[in-house]
Structure formats: C-alpha cells, structure tokens
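Visitor:
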Amino acid sequence: MDIVSGIGAVTSALGIAKTLRGIEKTYDEATYKAQVADLINALTDAKLAMADAKESLAEKDKEIERLRASFESKARLVPGDGGYSYLTDENANPVGYPVCPKCEQVNGRIIQTKEHENSGKARCPACSEVYTPVVCYLPQGGGFVTKQHKESADWNAAMSRSRTTSYF
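Mapping of the sequence shown onto this note's numbering: residues 986 to 1153, in sequence order.
1. Once the 5 residues before and after K1087 are set aside, which same chain residues still bring their CB inside 8 Å of it?
2. Should E1089 be labelled buried (16 or more other beta-carbon atoms within 10 Å of its own) or exposed?
3. Output the boundary residues of the beta strand (DSSP E) element that contains Y1071.
4. According to the neighbour-count rule (16 or more other Cβ atoms, all chains shown, within 10 Å of its Cβ), is L979 buried or exposed?
5. Out of P1079, P1124 and L1024, state which residue places its alpha-carbon closest to the alpha-carbon of K1003.
6. Can you pull the DSSP bridge partners for P1124?
7. Name, in chain order, the residues that DSSP records as bridge partners for V1063.
8. Using only the alpha-carbon positions, how far apart do A998 and K1047 sit?
9. Let me check one thing: in DSSP terms, what residues is G1081 bridge-paired to?
10. Assign P1064 to one of two classes, buried (16 or more other C-beta atoms within 10 Å of its C-beta) or exposed (fewer than that).
11. Who are the near neighbours of P1118 in its chain, counting only those whose CB is closer than 6 Å to its CB and skipping five residues on each side?
12. Please identify the residue among E1100, C1085 and K1099 whose C-alpha is closest to the C-alpha of H1093.
13. Going straight from the alpha carbon of K1099 to that of K1059, what length do you get?
14. Under a Cβ-count criterion, where at least 16 other Cβ atoms within 10 Å of its own Cβ denotes burial, should T996 be classed as buried or exposed?
15. Mapping the DSSP letters down to three states, classify L1005 as helix, strand or coil.
16. Quick check: the Cα distance between G1126 and G1081, rounded to an integer number of angstroms?
17. Bridge partners of Q1097, per DSSP?
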C-alpha cells in the first residue's frame, strides 16, 4: 500500500469512527464513546504520521534525483589546466570555467564557477570560494582564454577590420 492510499484509508476509517460515535447504545454508553474517541485520536495520529512520511519520502526522492543528476554531471567532467575539473561539450571538450572543487568534494555538487573581478579569477556562486589562476575554455574546443586575452583578441580584431582601408 503506497502512502497516498494509506492516507485515504485512514481518512475513511476516521469517517466510520465518527459515525460509530453517533450510534446510541443502551449498555455502558460512556465507555463505548470513550473508546470511539480514543480510536478517532489514534487514527488522527496515524494520518498525521503518514502525512509526515509522505513529506519525508518526497524530500528523499528529490535528494535522490539531485544525486543522480550530480552523478551524471560528474561523468562528464574532464581535467583541465590548473588541476581543475571542467564540464564538457558534446565532443568531450572542456567548456567554460572550472567546477568548484570544494562543492564537488565536500557536498558532492557540481557547481560551475563564474568569472570574478578580473582575468584569471573565478568564484563559486554557491560557496563563494575564489580560485586563481583559472582558465576559461571557449566553446567548440577552440582553446582557452582569460578575460584579458579575450579583450586583447577583440581589440586586435577591431583594429584589423579598421585597417582594411588604406591610410595613404
């Protein structure tokens, strides 16, 4: 019997017990009503316990799903520069900033760090640890870049485009 069916059965039993309480008996009516009241209290406690169990099971199911997703993500990690682990793209190339080593080892969570302040630093959005130096891999396995390298490359590309016309 699953939890939802159990709660339904207990609710039905409560209804029956309440009906029994209304029946008039000629013998020792006070004892009969006291026992029915005890039955109602016991069934109410059972219903509350089952509701708590249902909530507990839902929390455990959520944790199992989180661990399953974490396990699948961990299978997609590859080592990168600096000894950090990186998430991968569909071709198994490292992408983005590294995964937070603290969250991965302590909590079993795969949290990708984000760029922090300036080039070469990354901060975990979950635990706020800052790591330096880090490498940010570009998508499609195109190598790696720090913010400073990217800004320099963008500036060089802009300069190259502006030099298409002759200055002389």
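Backbone N, C-alpha and C fix where the C-beta goes; we use that ideal spot for every residue, glycine too.
Guide: The relevant details are as follows:
1. C1109, C1112 and E1114
2. buried
3. S1070 to T1073
4. This structure cannot speak to residue 979, because the chain is shown only from 986 to 1153.
5. L1024
6. Beta-bridge pairing links P1124 to no other residue.
7. Y1071
8. 31 Å
9. Y1122
10. exposed
11. G1105
12. Note on residue identity: the sequence assigns Gly, not His, to residue 1093. It is C1085.
13. 18 Å
14. exposed
15. helix
16. Any reading at G1126 must be qualified, since the residue scores a pLDDT of 44, below 50, and its modelled position is unreliable; the value itself is stated next. The straight-line gap from Cα to Cα measures roughly 10 Å.
17. V1084
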